[in-house]
Amino acid sequence: MHKRNSNSQNPLHGLWALTNRELKKWYKNPYLFILSIIQPLIWMALFGRAMNIGAIFTSNPIALPPSLISLIPPQVLPQFEQALSNVSTTIMENTFGTTDYFSYMSVGIVSFVVLFTTMFSGMSIVWDRRLGFLNKVLSTPVARGSILMSKVFNAVIRSIIQAAIVLGFAFALGLTVGPDFTPFNLLGVFAAVFLISMGLSSIFIAIAIRSTRWETQMAVMNLLNLPLLFASNALFPTKLMPDWLQPVTKINPITYATDATRQLILYQINMQQLVLDFTFLGVFAAVFSAIGILLSWRYLSR
Amino acid sequence: MADALVVKGLTKVFSNNLVAVDHISFTVKEGEIFGFLGPNGAGKTTTIHMLTTVLKPKEGSAIVCGHDIAKEPNEVRNCIGVVPQEYTADEDLTGLENILLCADLYGIPREISKRRAEELLELVELTKFKDKQVQTYSGGMRRRLELACGLINRPHLFFLDEPTLGLDVQTRAATWNYIRLLKKEYGMTIFMTTHYLEEADMLCERVAIIDHGKIITIGAPNELKERLGGDIMTLSIKDTNADISPIIQKVPRVKEVKKQDGTYRIKVEDGEETAPTILDAIRTEGHTVTRLSLTKPTLDEVYLEYTGKTLREEEESKEAMFRQRATLRRARG
């Protein structure tokens, strides 16, 4: 009867093969690769530079009316004017934690990139199902969980590479780093990107796991992505958002990923807050990838 | 010798209550080429999906190379190779990369898989194109690549789902030769589905005719043809309203007469000699024969005999149709 093959039972073998397949589709296609890099850069330019909130203050200097000047003793006038011009800096500082909206925003763009990259991981499983590739993979002994996790890791690796490129551009365009910044902090940033992209892609894939219609996936993506982005601190501080939105921002994992990244790059690090960020992200990634794997055992074959 | 595949009462009901496969039972002997012949939507692909552990059956059991598909799916997966109806090779990867990907899914170590991949590419004559992206391949080349991918784990039982769907006549014949060659080289058992009667006749040692999820008959193509019990004569007469069946029936060596849409389908022994006698009998009764043909039985006739219709296209699920269209498009590309 059938002779047992001396094949490795190492689950990582199949996992890496499938992940590599997805990655090859990306880096072997220069157009796709360049486009996926350009998109966040455009956003960074538009939001960070074009909608430069800091400029609202600097381009509208507040001139004191002459009647007021005559009331101020001449010896304190310079200090008074100085204090007035500091108002704008203080407002920026209090609102965004940094005086430069571009720096604030370009870090938020990292979360944006992660969101848009992971979002498409659900699509690829729909296509694999429609084109019959999934059935073929299911007929091989590769671990069912690996089929899903390969898509997750593809999204994670892409996200990390894109985040690195985006940050590189941000530094080149004048991102001002915070007092606690060391290059070592970047490892923490990538850890945050790893966790957030793992959790998000697991969600999108879990939604797509039974689906055969890419239209449904598009609808889900459109429904989720912008609300997730705007109901977070990626582009704007959550403390200025209305009360009804606050709870949403509190459970939105993007808030935590963005906060962790900002702490590591821009702010003075608040250890307690940073630990909270990473705990939340860790739990988020673990829970949703576990759910994804459970669903793939149950639902990949019908 | 042991059987490569034993199927008992296998049934699949989809969520919309469509009974795709209805209590089918059959065995495939070690080393044979066994064919499932039936129209689209007959349940052929669903059967393959169940046997290759992609779909879970609702009822019944199947033992593939000694392992139960429900209880030991991984053992089954290790001993089978599958060539799906669709072109599943990744278009963005090269031929070689695709084969190695298949090998990795079976956990075959790279040093072995490289050697096997080269050998298989040589057999299906794709060595020259192995570093080209699959999107540049023709339909026939893609089919051969799929065959090679399916054999990377040296399967004991090889599943082929519509192996020549969408290919032109010459490429189809060439593909048959590759299948025969691979079978000779590796000596595996083959289970295949087709809706091309000619293909079943040319390749299969035994054929099961399946329709509406049920197996209608099983046998070697020749045996099935013989079971028809003779040659088939079809004729029409001028007066379409008259029924001359009783007249024909009286002629010696006529076994059966059926009237379908004004045409008489007559089963006769020794067609060449009986035909003139039939014509004489009809003429004596004052009728004029307008058309006449005499055929040796083919699987077409067998099919017609058992299902009462020629192979037809049936409506299928949207998903299945999408996949089939994609396959056809790529076969032509």
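Those protein sequence lines, which keep their order, are chains F and S. The opening residue of the first sequence carries number 21 in my numbering; numbering runs sequentially from there. The opening residue of the second sequence carries number 48 in my numbering; numbering runs sequentially from there. Note that beta-carbon positions come from the ideal geometry of N, C-alpha and C, so glycine has one too.
| query | Which residues in the same chain have their Cβ closer than 7 angstroms to the Cβ of S:P268, if we skip the five residues on either side of it in sequence? | reply | Position 221 of the second sequence, counting from 1, holds the residue named residue 268 of chain S. Excluding residues within five positions, the ones whose Cβ falls inside 7 angstroms are A247, D248, C251, V254, L346.
| message | Does F:P161 pass the burial test, meaning 16 or more other C-beta atoms within 10 Å, or should it be called exposed? | response | For the purposes of this step, residue 161 of chain F is taken as residue 141 along the first sequence, with counting starting at 1. Counting Cβ neighbours within 10 Å, F:P161 comes out buried, since at least 16 surround it.
| In whole angstroms, what separates the C-alpha of S:G186 from that of F:S217? | For the purposes of this step, residue 186 of chain S is taken as the residue at position 139 of the second sequence. For the purposes of this step, residue 217 of chain F is taken as the residue at position 197 of the first sequence. Distance between the alpha carbons of S:G186 and F:S217 is about 38 angstroms.
| query | Quick one: which chain F residues come within Cβ less than 9 angstroms of S:Q43? | reply | Nothing about residue 43 of chain S can be read from this structure; chain S reaches only from 48 to 380.
| task | Alpha carbon to alpha carbon, how far is S:K55 from S:P104? Give it in angstroms, no decimals. | result | Taking the second sequence and counting its residues from 1, one reaches residue 104 of chain S at position 57. Taking the second sequence and counting its residues from 1, one reaches residue 55 of chain S at position 8. For S:P104 and S:K55, the gap between their C-alpha atoms comes out near 11 angstroms.
| field | Enclosing alpha helix (DSSP H) for F:R178 [first to last residue] | value | The residue given as residue 178 of chain F occupies position 158 in the first sequence. According to the DSSP assignment, F:R178 belongs to the alpha helix (DSSP H) that extends over 164 to 192.
| message | To the nearest angstrom, how far is the alpha carbon of F:I285 from that of F:N205? | response | Mapped onto the first sequence, residue 285 of chain F falls at position 265. Mapped onto the first sequence, residue 205 of chain F falls at position 185. C-alpha separation (whole angstroms): 7 angstroms.
| Three-state secondary structure (DSSP) of S:Y311 | Counting from one through the second sequence, the residue named residue 311 of chain S turns up at place 264. S:Y311: strand per DSSP, three-state reduction.
| said: Taking the alpha-carbon of S:A195 as reference, which of S:K343, S:L214, S:E232, S:K297 has the nearest alpha-carbon? | reply: Taking the first residue of the second sequence as 1, we reach residue 195 of chain S at position 148. The option with the nearest alpha carbon to S:A195 is S:E232.
| task | Decide if F:Q237 is buried, meaning its Cβ has at least 16 other Cβ atoms within 10 Å, or exposed. | result | As a working note, residue 237 of chain F is residue 217 in the first sequence. By the 10 Å Cβ count, F:Q237 comes out buried.
| task | Quick one: using the 10 Å Cβ neighbour count with 16 as the cut-off for buried, is F:A103 buried or exposed? | result | For the purposes of this step, residue 103 of chain F is taken as the residue at position 83 of the first sequence. By the 16-neighbour rule on beta-carbons within 10 angstroms, F:A103 is exposed.
| request: Flag S:E360 as yes if its beta-carbon sits less than 8 angstroms from any beta-carbon of chain F, otherwise no. | output: Counting from one through the second sequence, the residue named residue 360 of chain S turns up at place 313. For S:E360, the pLDDT reaches just 48, beneath the cut-off of 50, and the residue's location in the model is therefore unreliable, although a value from the coordinates is still provided. Put simply, the CB of S:E360 is far from chain F, with every gap to its CB atoms at 8 angstroms or more.
| task | Keeping to the same chain, check which residues put their C-beta closer than 8 angstroms to that of S:I291; ignore five residues upstream and five downstream. | result | For the purposes of this step, residue 291 of chain S is identified with residue 244 of the second sequence, where counting begins at 1. I284, Y311, I329, E332, H334, listed in sequence order.
| said: Whole angstroms are fine: how far does the CA of S:T264 sit from the CA of S:M280? | reply: As a position in the second sequence, residue 280 of chain S is number 233, starting the count at 1. As a position in the second sequence, residue 264 of chain S is number 217, starting the count at 1. Looking at the two C-alpha atoms, the distance is approximately 23 angstroms.
| field | Own chain, CB closer than 8 angstroms to F:A183, minus 5 neighbours either side, in chain order | value | The residue given as residue 183 of chain F occupies position 163 in the first sequence. Beyond the five residues adjoining it in sequence on each side, F:A183 comes within less than 8 angstroms, by CB distance, of V130, V133, V134, V209, F210, V213 in the same chain, given in chain order.
| If we count the other Cβ atoms within 10 Å of its Cβ and call it buried at 16 or more, is S:V75 buried or exposed? | Against the second sequence, residue 75 of chain S aligns to sequence position 28. Buried, by the Cβ-count rule.
| message | In the DSSP output, what is S:V57 paired with across the bridge? | response | If you number the second sequence from 1, residue 57 of chain S lands on position 10. Before going further, note that residue 57 of chain S is Leu rather than Val in the sequence given. The bridge partners DSSP lists for S:L57 are S:I71.
| If we cut at 8 angstroms on Cβ distances, does S:R189 have a partner in chain F? | One-based indexing of the second sequence puts residue 189 of chain S at position 142. So, not an interface residue.
| task | Taking only the alpha-carbon atoms, compute the straight-line gap between F:F136 and S:G266 and give it to the nearest angstrom. | result | Working through the first sequence from its first residue, we reach residue 136 of chain F at position 116. Working through the second sequence from its first residue, we reach residue 266 of chain S at position 219. Each residue's alpha carbon lies about 56 angstroms from the other.
| F:K48 to F:L32, Cα distance in whole Å? | Taking the first sequence and counting its residues from 1, the one referred to as residue 48 of chain F is at position 28. Taking the first sequence and counting its residues from 1, the one referred to as residue 32 of chain F is at position 12. Cα-Cα distance, rounded: 23 angstroms.
| task | Quick one: list the residues of chain S neighbouring F:M37, beta-carbon separation under 7 angstroms, in chain order. | result | As a position in the first sequence, residue 37 of chain F is number 17, starting the count at 1. The residue asked about is misnamed: residue 37 of chain F is Ala in this sequence, not Met. Chain-ordered, the chain S residues with CB closer than 7 angstroms to the CB of F:A37 read L148, D151, L152.
| said: Taking a contact to mean a Cβ-Cβ separation below 8 angstroms, would you say S:V53 touches S:T93 in this structure? | reply: Within the second sequence, residue 53 of chain S is the residue found at index 6, counting from 1. Within the second sequence, residue 93 of chain S is the residue found at index 46, counting from 1. In this structure, S:V53 lies away from S:T93, with their beta-carbon atoms at least 8 angstroms apart.
| What three-state label does DSSP hand S:G142 in the structure shown? | Walking along the second sequence from the start, residue 142 of chain S turns up at place 95. Secondary structure of S:G142 (DSSP, three-state): helix.
| Residue closest to S:P131, alpha-carbon to alpha-carbon, out of S:G197, S:G276, S:D308, S:L148 | The residue labelled residue 131 of chain S in the question sits at position 84 within the second sequence. Nearest option by C-alpha distance: S:G197.
| Looking at the structure shown, is S:G107 part of a helix, part of a strand, or coil, going by DSSP? | Numbered from 1 along the second sequence, position 60 holds the residue referred to as residue 107 of chain S. S:G107 falls in the strand class under three-state DSSP.
| request: Run the CB neighbour count on F:L207, radius 10 Å, all protein chains shown included, and call it buried at 16 or more, exposed below. | output: Start at 1 with the first residue of the first sequence, and residue 207 of chain F comes out as number 187. F:L207 is classed as exposed because its beta carbon has fewer than 16 other beta carbons within 10 Å across all chains shown.
| field | S:E122 in three-state terms, based on DSSP | value | Locating residue 122 of chain S in the second sequence gives position 75, counting from the first residue. Helix, per DSSP.
| F:N40, buried or exposed, once every other Cβ within 10 Å from all chains shown has been counted against 16 | In the first sequence, counting from the first residue as 1, residue 40 of chain F sits at position 20. Per the 10 Å Cβ criterion, buried.
| Per DSSP, what kind of secondary structure is S:I256 in: helix, strand or coil? | Taking the first residue of the second sequence as 1, we reach residue 256 of chain S at position 209. In the three-state DSSP reduction, S:I256 falls in the strand class (E or B).
| task | Check the Cβ of S:N121 against every Cβ in chain B and list those closer than 7 angstroms, keeping chain order. | result | The structure shown contains no chain B; its protein chains are F and S.
| said: Taking a contact to mean a Cβ-Cβ separation below 8 angstroms, would you say S:K297 touches S:G277 in this structure? | reply: Numbered from 1 along the second sequence, position 250 holds the residue referred to as residue 297 of chain S. Numbered from 1 along the second sequence, position 230 holds the residue referred to as residue 277 of chain S. When the beta-carbon positions are compared, S:K297 and S:G277 stay at least 8 angstroms from each other.
| query | Which residue's Cα is closest to the Cα of S:E122: F:W36, F:L193, F:S159, F:G198? | reply | Translated into positions along the second sequence, residue 122 of chain S becomes position 75. Of F:W36, F:L193, F:S159, F:G198, the residue nearest in Cα terms is F:S159.
| task | Can you give me the start and stop residues for the alpha helix (DSSP H) that S:G187 sits inside? | result | The count along the second sequence starts at 1 and reaches residue 187 of chain S at position 140. S:G187 -> alpha helix (DSSP H) spans 186 to 197.
| 6 angstroms CB neighbourhood of F:G165 in its chain, flanking five on each side removed | Against the first sequence, residue 165 of chain F aligns to sequence position 145. The residues are I313, S316.
| task | Decide yes or no for the touch test of the region 167 to 183 of chain S against the region 207 to 220 of chain S: beta carbon pairs closer than 8 angstroms, at least 3 of them. | result | Verdict: no, contact absent.
| query | Unbroken alpha helix (DSSP H) runs of length 4 or more, entirely within the region 149 to 233 of chain S: which are they? | reply | Entirely contained in the region 149 to 233 of chain S, the alpha helix (DSSP H) runs reaching 4 residues are, in chain order, 157 to 170, 186 to 197, 216 to 233.
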